[in-house]
Amino acid sequence: FAAGWHPDSALLGEAGNTVINGHHNAYGEVFGKLVDLNPGDIISVFSGEKEYKFIIANRMILPERYEDAATRLENARWLARSEDYRLTLVTCWPKETNTHRLILVARPLEEK
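Next comes the structure, spelled out in structure tokens:
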């Protein structure tokens, strides 16, 4: 019923990769419309009263279930720490089977 921040990822407003995941087909479907977003779309994320705006730079639907370890590790690199300032949103896809991961990578709307 809420999106979750990966505790080993960067905090909003800090350099690094802020990773947030959420369900798209259960538990409130907090990321139910994530699949409708595309590169160039602007999103807002709030931490308390502070708003952070990002522009989607990359949208990927990557195979996950039934894939070998090498493929799954390659997919997981999008969730890893980074030196740049970015937001990564993650959910399963498609709604009926959850065989893939939908990953959106966004950059700050205004560079820091």
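The opening residue of the sequence shown carries number 1 in the working numbering; numbering runs sequentially from there.
Don't be surprised by glycine CBs; every beta carbon is placed ideally from N, CA and C.
Inter-residue CB distance, residue i and residue j (contact presumed, cutoff 8 Å)
| i | j | result |
| --- | --- | --- |
| L62 | N75 | 5 Å |
| G4 | G22 | 7 Å |
| R72 | N17 | Between N17 and R72 the Cβ distance is about 18 Å, and since that is not below 8 Å, they are no contact. |
| E64 | R101 | 5 Å |
Residue j beta carbon less than 9 Å from that of residue i
| i | j | result |
| --- | --- | --- |
| F31 | V45 | no |
| T91 | Y66 | no |
| S47 | L87 | no |
| W78 | I56 | no |
| Y85 | R59 | no |
| W93 | V19 | no |
| K121 | H24 | Missing from the structure shown is residue 121; the chain here goes from 1 to 112 and no further. |
| A15 | E110 | no |
DSSP three-state assignment for residue i, whether helix, strand or coil
| i | result |
| --- | --- |
| A106 | strand |
| R101 | strand |
| R86 | strand |
| E29 | coil |
| L12 | coil |
| K112 | Since pLDDT at K112 reaches only 48, below the 50 mark, its modelled position is unreliable, and no value is offered. |
| L37 | coil |
Start and end residues, alpha helix (DSSP H) containing residue i
| i | result |
| --- | --- |
| N75 | 69-76 |
Opening and closing residue of the beta strand (DSSP E) in which residue i lies
| i | result |
| --- | --- |
| K95 | Per DSSP, K95 belongs to no beta strand (DSSP E) and is neither H nor E. |
| R59 | 50-63 |
| F46 | 42-47 |
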